[in-house]
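Counted from 1, the sequence shown has number 219 at position 219 by the UniProt record's numbering; the numbering is strictly sequential.
Presented below is the structure to which this report refers.
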Amino acid sequence: MILEPKLQSLWISILFISNNYLQKSANLYFRKGGPRDFGLLRCVKMKELKEYVRSIPDFPEPGIIFRDVTTILQDPDGLCLSIDELRGKLQGLDYNMIVGPESRGFIFGVPVAYAEHKAFIPVRKKGKLPCETVSIDYDLEYGKATIEIHKDAIKPGDKVVIVDDLIATGGTTEAIAKLVESLGGEIVKIVFVMELEGLKGREKLSKYNVDSLIKYEGK
């Protein structure tokens with residue numbers, strides 16, 4: 001079918017406007033944080049996040065209460081709530097990347113990075129990253145450990161948030177912060193899902209802005 005010039009011009013205008021509108025909508029969609037902020041995903045708070053955590057007495061040894069984060073992950077409402085609350089702790093911050101250690105730092109850090117449209121940088125055990133790395137040794141209760149990060153992952157001036165599931169003694173997170181700073185990055189905030197206050201991990205991180213979603217008084 002051949003359209004008359006006026007009708008053809010009208011259709012071209014409609015197509016141009018439609019394409020322009022869709023492009024602007026897509027840009028707004030991602031700037032606003034993706035599907036959740038447009039109501040395509042909804043997290044209804046059925047109960048407090050702490051109620052999703054399973055507490056196991058006398059594990060791994062007598063007198064210790066183990067806080068099991070996997071029960072947050074296996075419940076859709078718990079997982080959704082944890083990510084939303086982590087995002088809430090970061091509102092208003094100026095940062096461009098999230099750093100998280102294997103493995104549970106990946107689990108919680110990546111969804112937050114996706115929703116906030118930030119980069120995610122993995123921290124791994126020695127020998128797991130394929131390109132040139134920087135590494136650091138740190139003390140464990142019964143020995144030492146080494147973690148690494150890609151040398152080109154962080155550049156001077158990058159503003160970094162560290163996300164992990166748990167702060168206990170704070171040794172691993174302190175080592176991560178030193179790695180970030182050795183590459184010229186700035187630690188803007190460190191946020192955890194759970195905190196064992198009795199182990200005083202915050203003392204090692206006293207120069208940083210540290211926050212957590214759930215606090216337990218004991219060890």
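Just so you know, even glycine gets a beta-carbon here, dropped at the ideal spot from N, CA and C.
Backbone secondary structure at residue i - three-state DSSP
i	result
residue 107	helix
residue 122	strand
residue 140	strand
residue 57	strand
residue 206	coil
residue 174	helix
residue 84	helix
residue 128	coil
residue 49	helix
residue 152	coil
residue 90	coil
residue 114	helix
residue 76	helix
residue 201	helix
Contact under 8 Å by Cβ, residue i with residue j
i	j	result
residue 149	residue 133	yes
residue 161	residue 98	yes
residue 211	residue 47	no
residue 75	residue 56	no
residue 216	residue 197	yes
residue 72	residue 95	no
residue 185	residue 136	no
residue 205	residue 181	no
Neighbour-count burial assignment, residue i, 16 or more Cβ in a 10 Å radius
i	result
residue 192	buried
residue 172	buried
residue 35	Per-residue confidence for residue 35 stands at a pLDDT of 47, beneath the threshold of 50, marking its modelled position as unreliable; the derived number appears in the next sentence. Under this definition residue 35 is an exposed residue.
residue 111	buried
residue 131	exposed
residue 32	Any reading at residue 32 must be qualified, since the residue scores a pLDDT of 49, below 50, and its modelled position is unreliable; the value itself is stated next. The residue is exposed, with fewer than 16 neighbouring Cβ atoms inside 10 Å.
residue 101	buried
residue 143	exposed
residue 201	buried
residue 63	exposed
residue 218	exposed
Residue of the options minimising C-alpha distance to residue i
i	options	result
residue 119	212, 199 and 163	163
residue 127	143, 139 and 147	147
residue 207	219, 190, 218 and 195	190
residue 209	219, 200 and 187	187
residue 108	63, 86 and 96	86
residue 178	105, 123 and 199	123
residue 80	113, 176, 45 and 60	45
residue 157	202, 183 and 104	183
residue 104	83, 49, 200 and 159	83
residue 78	159, 115, 114 and 49	49
residue 194	169, 165 and 170	165
residue 151	65, 170, 169 and 129	129
residue 168	176, 138 and 199	199
residue 159	61, 70 and 93	93
Residue i beta carbon near the ligand SAH (any heavy atom closer than 7 Å)
i	result
residue 66	Although the ligand SAH was asked about, the structure shown includes no ligands whatsoever.
Could you pull out every unbroken alpha helix (DSSP H) segment of at least 4 residues lying fully inside the segment 154-199, listed in chain order? 171-182
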